[in-house]
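Those protein sequences? They're chains D and X, same order as listed.
For the first sequence, numbering that gives the first Met the number 0 begins at 0 and goes up steadily by one.
For the second sequence, numbering that gives the first Met the number 0 begins at 0 and goes up steadily by one.
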Amino acid sequence: MFGTYKPLWGKKPRFKSSYDAVIIGGGLHGLATAYFLARDFGMTDVAVIEKRFIGFGGAGRNTAIVRANQRTQENVPFYRKALDLWPVLTRELDFNLMFYNCGNLNLVHSEAAINAARMNIATAQFCGVESHLIDARQCKEMMPALNISEDITYPIFGAMYHPPGGIVRHDAVVWALAKGAAARGVHIHQQTAATGIGVENGKIISVDTEHGKINTPRVLLSAGGYTAALAYRLLRIQLPISVLTIQAMVTQPLKPLLNHVISSGAYHVYANQTLKGEIATGAHMDPWPNYTTQTTAHYIKHQAEALAELLPCLRGVKFMRHWAGLADMTPDMAPIMDGNDHVDGFYLDCGWGYFGFKSCTAVGKYMARFMASEKCPPILKPFNLRRFEQHRLMGETAAVVNYSANN
Amino acid sequence: MALTLTCPICGERNGYEFRYGGEDKGPRPRAEDPAPGHWCEYVHMSPCVAGIRKEWWYHKDGCGVWFTTERDTTTSLEVKQPEKTR
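Structure, rendered in structure tokens:
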């Protein structure tokens, strides 16, 4: 307890003047990519540079939910790969990631929403992912705390039940990936901001940082909510992104009562019970772009009202902590993963919105393959940046989102 | 601190009364200029400035006026313009 502080991922590495690859952003996506570059492709001469400290951003601010019940046939298989990797990584990294496979219940509150859920379920089944429709009584049987009466604002009609999902301890993933990557020789440089990217004849040649220049032939920009601003500042590449603040909060710890993750589009709320017993709940975004991580009283009230209707036993329970993080939203609610397009050796991973945590393992695996082979793996092809220019937006959202710049 | 915006008609009001209408990107590309890259840039792309930028806002729960104002995205606060007339 009083010993000298030593990070789990070893001593502070020497800052070298050249690396085979530089990853900007020491979040889950950056660390996972570094880990898989080392594990699968023997690329260990890799630097992860992070302006603050690893796990500062979305990695430690999300609500730890993992699932593969998205809407389109391009996205579902990708998130499924990510889900499949949790038990593998827990074993391989020798670190308890606390994957609690409790399943997700997406509550539906209207006939129209039932039909939308049916389509999602059909897509899931087509992709080999388990998801089914259950009615309100079955919801109640599965989760007795749920209020299925008809005298609430949005009575529950049923739910889309997705057993493969659950929650994962997010900080443990940061530490485990950092440990696994560092043990294989990856250098993690904290408090090292990227200040420039050197390009010569259309190829990446270097990255400038606060602590000096790094010569490198490839760079991955994977800085979560800050990616779009950095892409423009460092390379003058504009992205179809709006960065919004998303808030979440936890209640005081309670005895086990929520044995599934629940979410409701109509109430605009999701909730899960952490392994410590707190009810972690969130979803709200103020619909205007900003880079603050401020929380609002407005939202505490909304959340209390929604939870008190859905889970009346939570009335009177106190919220304990309330925080916010950044979500980089694209117009089609699907991410952007691309490389070697504008500049050879430049790879991009952004636009995850609030899906960054649940996707991090698969992003690491496939972006590493992309960077090592210089060929885009087929599973990543639909997520290219050119889709916006070609009007081939994905159908992750059924309607145009109202925070995007021009609608 | 929560967002407060200055409506040209109603004055300073709570940010939740307004709807964000996008960054002020200048005039819309002409209809006879269908270059996809150009159009895509206008419709979707943004430099995502961490700092001051000019934006459109609509006073939806108020007088219904559309106006532009400058806001700092790192603080989410409106940048006060002394020359602005009420």
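Think of the CB as a built atom: it goes at the ideal place given N, C-alpha and C, for glycine as much as any other residue.
Because the structure is a prediction, the values reported are computed rather than measured.
Helix, strand or coil, according to DSSP, for Thr122/D in the structure here?
Position 123 of the first sequence, counting from 1, holds the residue named residue 122/D. If DSSP states are grouped into helix, strand and coil, Thr122/D belongs with the helices.
May I ask which residues mark the beginning and end of the beta strand (DSSP E) holding Cys6/X?
To locate residue 6/X, count along the second sequence from 1; it is residue 7. Counting along the chain, the beta strand (DSSP E) containing Cys6/X begins and ends at Thr3 to Cys6.
Using a C-beta to C-beta distance shorter than 7 Å, which residues of chain X count as neighbours of Glu388/D?
Here residue 388/D refers to the residue found at position 389 of the first sequence. Going along chain X in sequence order, the residues near Glu388/D (Cβ under 7 Å) are Pro35, Gly36 and Cys39.
Counting only Cβ pairs nearer than 8 Å, list the residues of chain X close to Ile335/D.
Within the first sequence, the letter at position 336 stands for residue 335/D. Under the 8 Å cutoff, chain X gives no residues; its nearest Cβ is about 11 Å from Ile335/D.
Proximity test, Cβ basis, 9 Å: His43/X and chain D:
Translated into positions along the second sequence, residue 43/X becomes position 44. Closer than 9 Å to some Cβ of chain D, the Cβ of His43/X qualifies, so yes.
What do you reckon, is the C-beta of Ile113/D under 8 Å from a heavy atom of the ligand NAD?
Summarising the ligand content, the structure contains no ligands, and the ligand NAD is consequently not present.
Bridge-paired residues (DSSP) for Asn61/D
What you label residue 61/D is simply residue 62 of the first sequence in a count that begins at 1. As far as DSSP is concerned, Asn61/D takes part in no beta bridge.
As assigned by DSSP and simplified to three states, the class of His416/D
Any answer about residue 416/D is impossible in this case: the structure gives chain D only from 0 up to 406.
Three-pair Cβ contact test at 8 Å for the segment 361-370 of chain D versus the segment 60-75 of chain D:
Taking one beta carbon from each stretch, the segment 361-370 of chain D and the segment 60-75 of chain D have fewer than 3 pairs nearer than 8 Å; the two do not touch.
Within 10 angstroms of its Cβ, does Leu7/D collect 16 or more other Cβ (buried), or is it exposed?
Residue 7/D sits at position 8 when you count from the first residue of the first sequence. Burial call: exposed.
Tell me which residues of the segment 239-259 of chain D have at least one Cβ-Cβ distance to chain X shorter than 8 Å, keeping chain order.
Pro239, Ile240, Ser241, Val242 and Thr244
Taking the C-alpha atoms as reference points, what is the distance between Asp44/D and His28/D?
Mapped onto the first sequence, residue 44/D falls at position 45. Mapped onto the first sequence, residue 28/D falls at position 29. Roughly 18 Å separates the two Cα atoms.
So, with DSSP's three-state summary, where would you put Gly29/D?
Indexing the first sequence from 1 puts residue 29/D at position 30. Secondary structure at Gly29/D: helix, using DSSP grouped into helix, strand and coil.
Counting pairs of Cβ atoms below 8 Å between the segment 176-190 of chain D and the segment 22-41 of chain D, do you hit three or more?
Contact holds: three or more Cβ-Cβ distances are below 8 Å.
Just verifying my parser: in three-state terms, what is the DSSP assignment at Ser109/D?
Here residue 109/D refers to the residue found at position 110 of the first sequence. Looking at Ser109/D - three-state DSSP - the assignment turns out to be coil, as it is neither helix nor strand.
Using only alpha-carbon positions, find the residue among Asp170/D, Gly276/D and Ala144/D that is nearest to Gly54/D.
Within the first sequence, the letter at position 55 stands for residue 54/D. The candidate whose alpha carbon is nearest that of Gly54/D is Asp170/D.
Is it the case that the segment 254-271 of chain D contacts the segment 50-65 of chain X, given that we only count it when at least three CB pairs across the two stretches are under 8 Å?
no
Hey, would you say Gly157/D sits closer than 9 Å to Ala123/D, going by beta carbons?
Taking the first residue of the first sequence as position 1, residue 157/D is located at position 158. Taking the first residue of the first sequence as position 1, residue 123/D is located at position 124. Not closer than 9 Å, so no.
For Arg368/D, which of Leu233/D, Ala305/D, Met42/D and Asn200/D has the nearest alpha-carbon?
For the purposes of this step, residue 368/D is identified with residue 369 of the first sequence, where counting begins at 1. Nearest to Arg368/D by alpha-carbon distance, out of Leu233/D, Ala305/D, Met42/D and Asn200/D, is Met42/D.
Roughly how many whole angstroms lie between the Cα atoms of Met432/D and Ile245/D?
Because chain D in this structure spans residues 0 to 406, residue 432/D falls outside the shown range and cannot be described.
Consider the Cβ of Tyr353/D: report whether some Cβ of chain X lies at a distance smaller than 9 Å.
For the purposes of this step, residue 353/D is identified with residue 354 of the first sequence, where counting begins at 1. It does not: the Cβ of Tyr353/D has no partner Cβ on chain X nearer than 9 Å.
Considering only the alpha carbon of each residue, which of Pro255/D, Leu238/D and Ala175/D lies closest to Tyr41/X?
Stepping through the second sequence from its first residue, residue 41/X is reached at position 42. Nearest C-alpha to Tyr41/X: Leu238/D.
For Asn289/D, which residues in chain X fall below 7 Å Cβ to Cβ?
On the first sequence, position 290 is the one that residue 289/D refers to. Simply Thr72 and Ser75.
Tell me whether the beta-carbon of Phe318/D lies closer than 9 Å to the beta-carbon of Thr250/D.
For this step, residue 318/D is matched to residue 319 along the first sequence. For this step, residue 250/D is matched to residue 251 along the first sequence. Going by C-beta atoms, Phe318/D is nearer than 9 Å to Thr250/D.
Relative to the C-alpha of Cys101/D, which candidate in Leu306/D, Ile151/D, Ala326/D and Tyr160/D has its C-alpha closest?
Stepping through the first sequence from its first residue, residue 101/D is reached at position 102. Selected option, being the one with the closest Cα: Tyr160/D.
Span separating the alpha-carbon of Pro154/D from that of Trp322/D:
Here residue 154/D is taken as the residue at index 155 of the first sequence, counted from 1. Here residue 322/D is taken as the residue at index 323 of the first sequence, counted from 1. Between Pro154/D and Trp322/D, the C-alpha separation is close to 29 Å.
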